[in-house]
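Please read the structure below before turning to the comments.
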Amino acid sequence: MKLLLTLGLALVTAFSAYAEKPLDLKAFAQQYYKTMSATQAPNAGTKELEAYLALLTDDIGNQHIPYQPDDSRTPDGKKQMRKGMSFYLGAHTLFESTLLNTFVFNDTGFAIRYKNFAKGIHPQSKQPIEYTSTMMEVIEIENGKVAMIRKYHE
């Protein structure tokens, strides 16, 4: 009986040692913002893009009203984001961003509100671009990764 009790306690201890700590969404939101902003920098490349994509699920959903009204999650969501974001890598000659607010919603999501200023050359039209925007991103989390991004302009 003592042997079974000892074995049972050993198993419980072993499994609890491997149990995941809950995700600190406040810290994750800060990491997400920093990593996402790095993809917009003038010198951004594949390294910055892949660091950002590593935070996302493979079937990530991305909605950016009014440009992307569809919020469907598809098996190749991350692949589609990689393709879309690669097109714009390095388009900015100047990029500044300030995190304004972070809101955490229990263990399922967070929202970040930030202000951007950017200048650059549009990769398709080759026309100069310059804009200032205040954005809110509402992020849904699944299994420690970003599963849905919803972007809104102020």
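Residue numbers -19 to -1, 1 to 135, in mature numbering (1 follows the signal peptide of the UniProt record, and there is no 0), belong to the letters of the sequence shown in order.
Virtual Cβ for every residue (Gly too), placed ideally from N, Cα, C.
Since the structure is predicted, the reported quantities are computational estimates derived from the model, not experimental observations.
Suppose you measure from the CA of residue i to the CA of residue j; what does that come to, to the nearest Å?
| i | j | result |
| --- | --- | --- |
| residue 94 | residue 107 | 29 Å |
| residue 130 | residue 104 | 24 Å |
| residue 2 | residue 109 | 47 Å |
| residue 73 | residue 114 | 14 Å |
| residue 133 | residue 26 | 25 Å |
| residue 19 | residue 29 | 6 Å |
| residue 49 | residue 8 | 28 Å |
| residue 17 | residue 83 | 15 Å |
Tell me the DSSP secondary structure of residue i in three-state form.
| i | result |
| --- | --- |
| residue 55 | coil |
| residue 128 | strand |
| residue 71 | coil |
| residue 49 | strand |
| residue 135 | coil |
Could you spell out where the alpha helix (DSSP H) holding residue i opens and where it closes?
| i | result |
| --- | --- |
| residue 11 | 6 to 19 |
| residue 29 | 27 to 34 |
So the beta strand (DSSP E) residue i belongs to, where does it begin and stop?
| i | result |
| --- | --- |
| residue 109 | 109 to 123 |
| residue 40 | 37 to 45 |
| residue 96 | 90 to 102 |
Looking at C-alpha atoms only, which residue of the options is the closest neighbour of residue i?
| i | options | result |
| --- | --- | --- |
| residue 69 | 37, 15, 99 and 13 | 99 |
| residue 135 | 8, 122 and 47 | 47 |
| residue 10 | 76, 39, 90 and 19 | 90 |
| residue 39 | 67, 56, 16 and 8 | 56 |
| residue 116 | 29, 97, 125 and 102 | 97 |
| residue 31 | 59, 50 and 49 | 59 |
| residue 71 | 101, 50 and 88 | 101 |
| residue 122 | 82, 88 and 16 | 88 |
| residue 67 | 112, 111 and 24 | 24 |
| residue 112 | 83, 82 and 78 | 78 |
Does the separation of the CB atoms of residue i and residue j fall below 7 Å?
| i | j | result |
| --- | --- | --- |
| residue 34 | residue 63 | yes |
| residue 54 | residue 42 | yes |
| residue 61 | residue 52 | no |
| residue 92 | residue 119 | yes |
| residue 22 | residue 86 | no |
| residue 14 | residue 80 | yes |
| residue 125 | residue 6 | no |
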